[in-house]
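Single-structure report; data block below.
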């Protein structure tokens, strides 16, 4: 069982329990609940050129609807559909654009022009995904990155992948083939043909005045962070490689007692490497010449490793025991999940503050990591994740969170199994988005005035993780906007 498979099993059990809870919630909805106007009277953040008078009028309409009584569920869903047809933005394509000298013809992005007002002044834009196994998500996010880089000045893409692996891979981005950079930097769940155009684009932009930088913010082990020639000590480099492989094995173990015995030796190796890093800075830069921030990145990655060895690994080993039925400590799953997301949030803030303080960043991650209020989602194990933590930082109002959803087709999960995406549930995010009638559509929620016709944004709605596991949440609480792909297919993965 590899690390990603084990992670999937942990999420799978959680989602199985969430399915039971969510179905119970959905079945308990009455016609009145579904037909009622949104209960929230919370003021909607105004667009830069917002019409306060219009918003006040719409708010009065909502109050009037509350007083007059609810419409039927069918009428409400029809109104939602009509609103979507009038307000959703249709994307002409999700295919990444062809470039010449790393430049896309500006007229190729005409369909994305409505995003400019929403995103141009943001420091961080989060691109989520309801599943890691949809080829079309990889494609559309690549095209969005091209647009935001070329038209809006976003010069960093940060993946839900290990900070150190991404930093070292980017350190040789000019000399290695894009496929190799991809394999060296990101988790296998995204190592597919559909992701290659992004890494080709990243490499091509290195020849321009505004290169697109690659970074990671995760702390989970995913193989050796880097080769150790720069250390100038062959024995230490070998011990480091051995420690990296051993750490991968411990993440799949449930033997806390055995780890306690191995922990001091592991910690000693990482502390030694961390201690020599400043002294070996010149050699580090020579080995990874394309990453101007390689020294501070490696120092941060090693600090993460030391923290993982000291604290995180024991929580994740304990959670493995629970998932394998050898422990009753369900709290360990919550602790492990929240610990990881705290470290990811810390790393993301660090990147935006200390490494790229003047750059705008794009974050590529799962919906569950970027959503603004994950702990409010009707899930089996309520947890505070990275996106919710980021809402408590100075970047809260400087960010835009985009959730991605699918309506049907074939989907893959991290074990490689391919399965059918379930059709949208009634009263679900997917059903509402499908109502727009487009193959690919986007809707903004953050700046749209609240009306009875878009009340779905502010009430409990179902949705699917991985296309099959239902959960329930209030869309407006979780995201600023939603991007919908009607039909998806499984990625064309590269073999190991």
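Residue numbers (our numbering): 74 to 569. Heads up, the beta-carbon is just placed ideally off N, CA and C, and yes, glycines get one too. Please read all numbers here as calculations on a predicted model, not as lab measurements.
| query | result |
| --- | --- |
| Limits of the alpha helix (DSSP H) - the one that residue 437 falls within | No alpha helix (DSSP H) holds residue 437; the beta strand (DSSP E) holding it covers 433 to 437. |
| Residue interval of the alpha helix (DSSP H) (run including residue 252) | 251 to 258 |
| Cβ-based neighbour list, residue 367, same chain, cut-off 7 angstroms, excluding 5 preceding and 5 following | 240, 244, 357, 358, 361 |
| Alpha-carbon spacing of residue 408 relative to residue 283, whole angstroms | 40 angstroms |
| Burial state of residue 491, where buried means 16 or more other Cβ atoms lie within 10 Å | exposed |
| Backbone CA spacing between residue 456 and residue 174 [nearest angstrom] | 45 angstroms |
| For residue 350, the nearest candidate out of 210, 339, 306 (CA to CA) | 306 |
| Residue environment, residue 480, which counts as buried when at least 16 other CB atoms sit within 10 Å | buried |
| C-beta neighbour in chain B for residue 194, strict 7 angstroms | Absent from the structure is chain B; it holds one protein chain and no more. |
| Runs of alpha helix (DSSP H) lying entirely within the stretch 484 to 559, each at least 4 residues, in chain order | 502 to 507, 548 to 551 |
| Residues bridged to residue 479 (per DSSP) | 558 |
| Proximal residues to residue 158 (C-beta, below 8 angstroms), its chain only, five neighbours per side dropped | 508, 509, 510 |
| Residue 125, buried or exposed, once every other Cβ within 10 Å from all chains shown has been counted against 16 | Any answer about residue 125 is weak, because its pLDDT of 41 lies below 50 and its placement is not dependable; what the coordinates show is given next. Classification for residue 125: exposed. |
| Close Cβ partners of residue 219 (< 7 angstroms) along its chain, the five nearest in sequence each way excluded | 169, 170, 177, 274 |
| Distance between residue 410 and residue 229 (C-alpha atoms, nearest Å) | 26 angstroms |
| Three-pair Cβ contact test at 8 angstroms for the stretch 412 to 421 versus the stretch 286 to 293 | yes |
| Spatial distance of residue 260 from residue 151 (CA atoms) | 41 angstroms |
| From 506, 164, 214, residue whose alpha carbon lies closest to that of residue 435 | 214 |
| Sufficient close CB pairs (3 or more, under 8 angstroms) joining the stretch 261 to 280 to the stretch 324 to 336 | no |
| Beta-carbon contacts of residue 400 that lie in its chain and below 6 angstroms, excluding the five residues immediately before and after | 394 |
| Residue of 378, 369, 335, 330 minimising C-alpha distance to residue 345 | 378 |
| Residue 419: first and last residue of the uninterrupted alpha helix (DSSP H) it sits in | 404 to 423 |
| Length of the line joining the Cα atoms of residue 225 and residue 364 | 23 angstroms |
| Cβ shell of residue 97 (< 7 angstroms), same chain only, five flanking positions each side left out | Confidence in residue 97 is poor, its pLDDT being 49 and thus under 50, which makes the residue's placement too unreliable to answer from. |
| Outcome for residue 195 when other beta-carbon atoms lying within 10 angstroms are tallied against a minimum of 16 | buried |
| Helix, strand or coil at residue 317 [DSSP, three-state] | helix |
| Top-ranked residue by Cα proximity to residue 478, from 216, 232, 338, 502 | 502 |
| Rounded C-alpha distance that separates residue 439 from residue 540 | 13 angstroms |
| Exposed unless 16 or more other CB atoms sit within 10 angstroms - verdict on residue 315 | exposed |
| Beta-carbon proximity list for residue 209, same chain, < 6 angstroms, skipping 5 on both sides | 167, 558, 561 |
| Residues bridged to residue 291 (per DSSP) | 235 |
| Cβ neighbours of residue 154 in the same chain (closer than 6 angstroms, five flanking residues each side left out) | 508 |
| Distance, residue 513 Cα to residue 521 Cα | 20 angstroms |
| DSSP-derived helix/strand/coil call for residue 468 | coil |
| Nearest neighbour of residue 165, chosen from 296, 156, 149, 186 [CA to CA] | 186 |
| Residue(s) in a DSSP beta bridge with residue 200 | 437, 475 |
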